[in-house]
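Heads up, the thing below is written out as structure tokens.
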Amino acid sequence: MRALRQFKREIMTKSTRDGFDVHQDITSRIVQAIEAGAGTFVLPWHQGAS
0 MRALRQFKRE IMTKSTRDGF DVHQDITSRI VQAIEAGAGT FVLPWHQGAS
């Protein structure tokens, strides 16, 4: 929730500037998250199974 509030605050601050494209900003953040990767995928219900 804290990250979402911070994100909203950044968007509201940036949106008051001339020339700011909120769609491009969100797209850039999504691309950065995809490029960073999701980490190791773990199926927690299979841990400890023999």
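Take the sequence shown: its letters are residues 0 to 49, numbered as in numbering that gives the first Met the number 0. Even glycine gets a Cβ: it sits at the ideal position worked out from N, Cα and C.
Item, Value
"Express the C-alpha separation of residue 23 and residue 43 in angstroms, rounding to a whole number.", "36 Å"
"Grouping DSSP H, G and I as helix and E and B as strand, with all else coil, what is residue 128?", "Because the chain spans 0 through 49 in this model, residue 128 falls outside it and cannot be assessed."
"Please report the straight-line C-alpha distance between residue 21 and residue 10, rounded to a whole angstrom.", "7 Å"
"Three-state secondary structure (DSSP) at residue 32?", "helix"
"Three-state secondary structure (DSSP) at residue 24?", "helix"
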